[in-house]
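Asker: With our numbering, letter number 141 in the sequence shown gets 141, and the count goes up by one each step, no holes.
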Amino acid sequence: MTDVAKAVFHRFGIEPIDTPALEYAEILLGKGGDETDKQTFRFTDQGGRDVAMRFDLTVPFARFAAQHVGTLGTPFRRYHIAPVWRGERPQKGRYREFVQCDFDTIGTTGVAADAETVCVIHELLSTISSQVQPSCGEFTIRLNHRGVLNGLLDTLGLRERATDVLRALDKLPKVGADAVRTELVALPDASEAAADRLLEFAGLSGDAAETFAAARPLLDGSETGLAALDRLATVVRLAIAGGCEPTRLVADLSIARGLDYYTGVIFETFLTADPKLGSVCSGGRYDDLAGLYTKQSLPGVGASLGVDRLLAHLEEQAETGARPNDPSAVFIPLLSEDRLPDVFALAKDLRASGFRVTVAPEPRGLGKHLKWVTGRGFGTAAIVGDEEAAAGTVAFKDLAGREQWTVTRAEAVDRLVEWRKTRT
Numbered sequence: 001m002t003d004v005a006k007a008v009f010h011r012f013g014i015e016p017i018d019t020p021a022l023e024y025a026e027i028l029l030g031k032g033g034d035e036t037d038k039q040t041f042r043f044t045d046q047g048g049r050d051v052a053m054r055f056d057l058t059v060p061f062a063r064f065a066a067q068h069v070g071t072l073g074t075p076f077r078r079y080h081i082a083p084v085w086r087g088e089r090p091q092k093g094r095y096r097e098f099v100q101c102d103f104d105t106i107g108t109t110g111v112a113a114d115a116e117t118v119c120v121i122h123e124l125l126s127t128i129s130s131q132v133q134p135s136c137g138e139f140t141i142r143l144n145h146r147g148v149l150n151g152l153l154d155t156l157g158l159r160e161r162a163t164d165v166l167r168a169l170d171k172l173p174k175v176g177a178d179a180v181r182t183e184l185v186a187l188p189d190a191s192e193a194a195a196d197r198l199l200e201f202a203g204l205s206g207d208a209a210e211t212f213a214a215a216r217p218l219l220d221g222s223e224t225g226l227a228a229l230d231r232l233a234t235v236v237r238l239a240i241a242g243g244c245e246p247t248r249l250v251a252d253l254s255i256a257r258g259l260d261y262y263t264g265v266i267f268e269t270f271l272t273a274d275p276k277l278g279s280v281c282s283g284g285r286y287d288d289l290a291g292l293y294t295k296q297s298l299p300g301v302g303a304s305l306g307v308d309r310l311l312a313h314l315e316e317q318a319e320t321g322a323r324p325n326d327p328s329a330v331f332i333p334l335l336s337e338d339r340l341p342d343v344f345a346l347a348k349d350l351r352a353s354g355f356r357v358t359v360a361p362e363p364r365g366l367g368k369h370l371k372w373v374t375g376r377g378f379g380t381a382a383i384v385g386d387e388e389a390a391a392g393t394v395a396f397k398d399l400a401g402r403e404q405w406t407v408t409r410a411e412a413v414d415r416l417v418e419w420r421k422t423r424t
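1) Do you know offhand how far Ser129's Cα is from Phe139's?
2) Indicate the three-state DSSP secondary structure (helix, strand or coil) for Asp196 in the structure shown.
3) Can you name the start and end residues of the beta strand (DSSP E) that Gly284 belongs to?
4) Use the C-beta contact count for Ala228: other C-beta atoms within 10 angstroms, 16 or more gives buried, fewer gives exposed.
5) Find out if the Cβ-Cβ distance for the pair His145, Arg237 is shorter than 8 Å.
6) Could you check whether Phe267 and Leu152 sit closer than 8 Å to each other, using their CB atoms as the reference points?
7) Identify, in the order they occur along the chain, each residue of the same chain with its Cβ nearer than 8 Å to the Cβ of Val51, setting aside the five sequence neighbours on each side.
8) Could you tell me the alpha carbon to alpha carbon distance between Thr498 and Gly283, rounded to whole angstroms?
9) Between Val413 and Ser279, what straight-line distance do the alpha-carbon atoms span, to the nearest angstrom?
10) Thinking C-beta only, is Ala195 closer than 8 Å to Leu184?
11) Would DSSP call Lys397 helix, strand or coil?
12) Kindly indicate which residue of Arg415, Arg159, Cys101 has the alpha-carbon position closest to the one of Val8.
13) Please report how far the alpha carbon of Arg77 lies from the alpha carbon of Thr108, in whole angstroms.
14) Could you tell me the distance, in whole angstroms, from the CA atom of Pro299 to the CA atom of Trp372?
15) On the DSSP bridge assignment, give the partners of Leu366 in chain order.
16) Name the residue from Ile332, Asp338, Gly365, Leu366 whose alpha carbon lies nearest to the alpha carbon of Thr358.
17) Count the other CB atoms, across all protein chains shown, that sit within 10 Å of the CB of Gly377; report buried if there are 16 or more and exposed otherwise.
18) Under three-state DSSP, which class holds Ala429?
19) Any idea if Arg96 is buried or exposed, counting beta-carbon neighbours within 10 angstroms, 16 or more meaning buried?
20) If you draw a straight line from the alpha carbon of Ala208 to that of Ala352, how long is it in whole angstroms?
21) When you compare the region 204-219 with the region 164-179, are there three or more beta-carbon pairs, one atom per stretch, that lie closer than 8 Å?
22) Only counting the same chain, and skipping five residues up and downstream in sequence, which positions put a Cβ closer than 7 Å to that of Val425?
23) When the Cα atoms are used, what is the spatial distance from Thr425 to Val111?
24) So, for Gly242: in the same chain, excluding its five sequence neighbours on each side, which residues have a beta-carbon less than 6 Å away from its beta-carbon?
25) Quick check on the DSSP output: the beta strand (DSSP E) that includes Gln100 runs from which residue to which?
26) How many angstroms separate the CA atom of Met1 from the CA atom of Asp349?
27) Going by DSSP, name the residue or residues bridged to Ile459.
28) Of the choices Leu346, Val417, Thr272, whose alpha-carbon is the least far from that of Val384?
29) When we look at the beta-carbon of Gln67 and count the other beta-carbons within 10 Å, is it buried (16 or more) or exposed?
30) Give the single residue among Asp37, Arg49, Leu416 whose Cα lies nearest to the Cα of Lys397.
31) Find the nearest neighbour of Glu388 within the set Ala400, Gly379, Arg339, Ala360, judged by alpha-carbon distance.
32) Would you report the Cα separation of His10 and Ala303, rounded to the nearest angstrom?
33) Going by CA-CA distance only, name the one from Gly157, Ala239, Lys38 that's closest to Gly221.
34) Under 6 Å Cβ to Cβ from Thr127, same chain only, skipping five residues before and after it: list those, please.
35) Beta-carbon within less than 8 Å of Gly13's beta-carbon, same chain only, minus the 5 sequence neighbours each way: which residues are those?
36) Taking a contact to mean a Cβ-Cβ separation below 8 Å, would you say Val250 touches Ile141 in this structure?
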């Protein structure tokens, strides 16, 4: 999966970097919000330094960019695939240690960077669908803008409570509207009417044009909110021009993102087949984050692909027998020790032609081999038993269907290459 992501990043001209797993605690704390601070693993090292393990890859990148901006130049695009740590309660799709796959553009406020980020998300999920797991192909990218939310808060006189309101709204999918309403009403200066209006606004979701039209009256009188709504509409329009399927782009004004550093467009991506998994690719614009480390303006926008969440989805699909058969994946059963040289030679030739080949490590009956291989995603079995070796042939079995064929050893690789073309 990470190889697929790297190939997508390469097509978009995004370069790799790396940053340390440990940072000084002052670098990380206070950047993601109180809840994130509580989940950050922090300790004193052997030299008496107050250090912490990174909770995401964005904050360390902002520090890195601020430190090296003179060398990097702007705008600068980067991706980073590495583990991060959070003290969360482990559950499906949530882990204390997990891999993030981040990509960002820093040094520009241009709407093109926002839209291209959406295009990269769309391309990532589409490519994962075609090359790894078809069920990932049905997804929605849900978009909002922090300025839209701030504009509404201006009209309600709650702008000073923005952080508390946004954190409350971010809990909507987990705890529901009633619990969020109770939390909102408990805030200083918040009335029941204001809480109801916030929840009404957060309930606006669906087709982008229709959602924006419904939101406009609620933002009447807020230049900030209306300007943000216009920018969000531009992001959607450009993303569609860049190849995103319109039906996969959903305006969702309930999305707040729990991290405090977001300032503009924000987005979350959900698999239609597994919405309870949570967002598998999230992010947004953060125009002030690098300002904590440099006086130079370094606005940025980016997103993070949830590699571990997607792997959890793949594992679940495999458990239910839904793992797809990959035409490039070949299983070679070992039927006797005497055939090991033939099997190894065939595996070498198939790998040289781009096939992913697994050789059985021990001889067993063909029936047991084929039982083991069922549901593991192989496209074909390439069989070289005593009879095939004596005849100078290879027998192939299509593991997704009933097709079987036997060819000479000299033709085996070319024939399988031709078969693969009919399946991709």
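Backbone N, C-alpha and C define an ideal beta-carbon position, used for all residues, glycine too.
Remember, predicted model here, so these are calculated numbers, not experimental data.
Answerer: By the coordinates alone:
1) Position 129 of the sequence shown holds residue 129. Position 139 of the sequence shown holds residue 139. The straight-line gap from Cα to Cα measures roughly 10 Å.
2) Position 196 of the sequence shown, counting from 1, holds the residue named residue 196. DSSP places Asp196 in helix when its eight states are reduced to three.
3) Against the sequence shown, residue 284 aligns to sequence position 284. 281-286 is the extent of the beta strand (DSSP E) around Gly284.
4) As a working note, residue 228 is residue 228 in the sequence shown. The residue is buried, with at least 16 neighbouring Cβ atoms inside 10 Å.
5) As a working mapping, residue 145 is identified with position 145 in the sequence shown. As a working mapping, residue 237 is identified with position 237 in the sequence shown. Contact: no.
6) If you number the sequence shown from 1, residue 152 lands on position 152. If you number the sequence shown from 1, residue 267 lands on position 267. No, these two residues do not count as a Cβ contact at 8 Å.
7) Numbered from its first residue, the sequence shown carries residue 51 at position 51. Within the same chain, Val51 has close Cβ partners Leu22, Glu23, Tyr24, Ala25, Arg42, Phe43, Thr44, Asp45.
8) Shown here, the chain extends from 1 to 424; a query on residue 498 therefore has no answer.
9) For the purposes of this step, residue 413 is identified with residue 413 of the sequence shown, where counting begins at 1. For the purposes of this step, residue 279 is identified with residue 279 of the sequence shown, where counting begins at 1. Taking the straight line from one Cα to the other gives about 41 Å.
10) As a working mapping, residue 184 is identified with position 184 in the sequence shown. As a working mapping, residue 195 is identified with position 195 in the sequence shown. Yes, Cβ-Cβ distance for Leu184 and Ala195 is below 8 Å.
11) Taking the first residue of the sequence shown as position 1, residue 397 is located at position 397. Here Lys397 sits in strand by DSSP.
12) What you label residue 8 is simply residue 8 of the sequence shown in a count that begins at 1. Nearest of Arg415, Arg159, Cys101 to Val8, Cα basis: Cys101.
13) As a first step, residue 77 must be located in the sequence shown, where it is residue number 77. As a first step, residue 108 must be located in the sequence shown, where it is residue number 108. Cα-Cα distance, rounded: 10 Å.
14) Here residue 299 is taken as the residue at index 299 of the sequence shown, counted from 1. Here residue 372 is taken as the residue at index 372 of the sequence shown, counted from 1. Roughly 52 Å between the two C-alpha positions.
15) By one-based count along the sequence shown, residue 366 stands at place 366. Paired residues: none, contrary to the question.
16) Locating residue 358 in the sequence shown gives position 358, counting from the first residue. Minimum Cα distance to Thr358 is reached at Ile332.
17) Against the sequence shown, residue 377 aligns to sequence position 377. Buried, by the Cβ-count rule.
18) Outside the modelled stretch of the chain, which goes from 1 to 424, sits residue 429, for which no answer is possible.
19) Locating residue 96 in the sequence shown gives position 96, counting from the first residue. By the 10 Å Cβ count, Arg96 comes out exposed.
20) If you number the sequence shown from 1, residue 208 lands on position 208. If you number the sequence shown from 1, residue 352 lands on position 352. Ala208 and Ala352: Cα-Cα distance of roughly 47 Å.
21) no
22) Residue 425 is absent from the model: the chain starts at 1 and stops at 424.
23) Residue numbering for the chain in the displayed model covers 1 to 424; residue 425 lies beyond these limits and cannot be assessed.
24) Numbered from its first residue, the sequence shown carries residue 242 at position 242. For Gly242, where only same-chain residues beyond five positions count, the Cβ hits under 6 Å are Cys119.
25) Taking the sequence shown and counting its residues from 1, the one referred to as residue 100 is at position 100. 97-106 is the extent of the beta strand (DSSP E) around Gln100.
26) Numbered from its first residue, the sequence shown carries residue 1 at position 1. Numbered from its first residue, the sequence shown carries residue 349 at position 349. Going from the Cα of Met1 to the Cα of Asp349 covers about 25 Å.
27) Summary: the structure shown does not reach residue 459, with the chain confined to residues 1 through 424, and so no result is reported for it.
28) Along the sequence shown, read from residue 1 onward, the residue named residue 384 stands at position 384. Nearest C-alpha to Val384: Leu346.
29) Counting from 1 along the sequence shown, the entry for residue 67 is found at position 67. Exposed, by the Cβ-count rule.
30) Here residue 397 corresponds to residue number 397 of the sequence shown, with the count starting at 1. Per the Cα distances, Leu416.
31) Counting from one through the sequence shown, the residue named residue 388 turns up at place 388. The residue with the shortest Cα to Cα distance from Glu388 is Arg339.
32) One-based indexing of the sequence shown puts residue 10 at position 10. One-based indexing of the sequence shown puts residue 303 at position 303. His10 and Ala303: Cα-Cα distance of roughly 16 Å.
33) Looking up residue 221 in the sequence shown gives position 221. It is Gly157 whose Cα lies nearest to the Cα of Gly221.
34) Here residue 127 corresponds to residue number 127 of the sequence shown, with the count starting at 1. Here the set comprises Val4, Val8.
35) In the sequence shown, the residue the question calls residue 13 occupies position 13. So the list reads Arg77, once near-sequence residues are dropped.
36) Residue numbering aside, residue 250 sits at position 250 when the sequence shown is read from its first letter. Residue numbering aside, residue 141 sits at position 141 when the sequence shown is read from its first letter. A contact, by the Cβ cut-off of 8 Å.
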